[in-house]
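Numbering (the numbering used here), first residue to last: -15 to 91.
We treat Cβ as the ideally placed atom computed from N, Cα and C, and that holds for glycine.
Reviewing the structure listed below.
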DNA sequence: CGCATGACAGTCG
DNA sequence: GCGACTGCCATGC
């Protein structure tokens, strides 16, 4: 497994309950600001192997990426964690967005 | 090895 | 503010 992938797994696994992160955010922290796609792939590939909280990972719009039933399921799981959805079906990233500061260089 | 694809992001009109 | 286009990087065929 590449370092990037490993970091992504660590980061996602480190997302606390009631918080969410975006693909771009995770990718950036993992070391590749442009690797949001890889985060997506990693979710697909490893979410079942490592039991990652995929439901806490959203796109930059704060919306569920999956269409249909999976999205509904994800939304319900997030609500169970205490996350409140906006009227448009998005999550308030300003409030629920999680930033693992211990992984930041300085900033 | 080359082409196509993906649960995306950022910019432009 | 929304829709369309391009960029990115790794995996799959």
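Residue i to residue j, Cα distance in whole Å?
i          : j           : result
residue 18 : residue 66  : 30 Å
residue -1 : residue 40  : 7 Å
residue 2  : residue 80  : 7 Å
residue 73 : residue 64  : 15 Å
residue 23 : residue 9   : 10 Å
residue 70 : residue 29  : 29 Å
residue 48 : residue 11  : 17 Å
residue 68 : residue 75  : 7 Å
residue 52 : residue 59  : 11 Å
residue 33 : residue -9  : 15 Å
residue 25 : residue 38  : 11 Å
residue 54 : residue -14 : 28 Å
Is it true that the CB of residue j sits closer than 9 Å to the CB of residue i?
i          : j          : result
residue 57 : residue 4  : no
residue 42 : residue -4 : no
residue 6  : residue 77 : yes
Closest to residue i by CA distance: which of the options is it?
i           : options        : result
residue 35  : -13, 72 and -7 : -7
residue -12 : 15, 9 and 54   : 15
residue 21  : 44, 59 and 53  : 44
residue 82  : 31, 46 and 25  : 46
Quick one: what's residue i bridged to in DSSP?
i          : result
residue 5  : 41
residue 75 : 69
residue 81 : 4
Notebook entry, point to check: In chain order, which continuous runs of the alpha helix (DSSP H) of length 4 or greater are located wholly inside the stretch 7 to 47?
Noted result: Whole alpha helix (DSSP H) segments, 4+ residues: 7 to 14 and 20 to 30.
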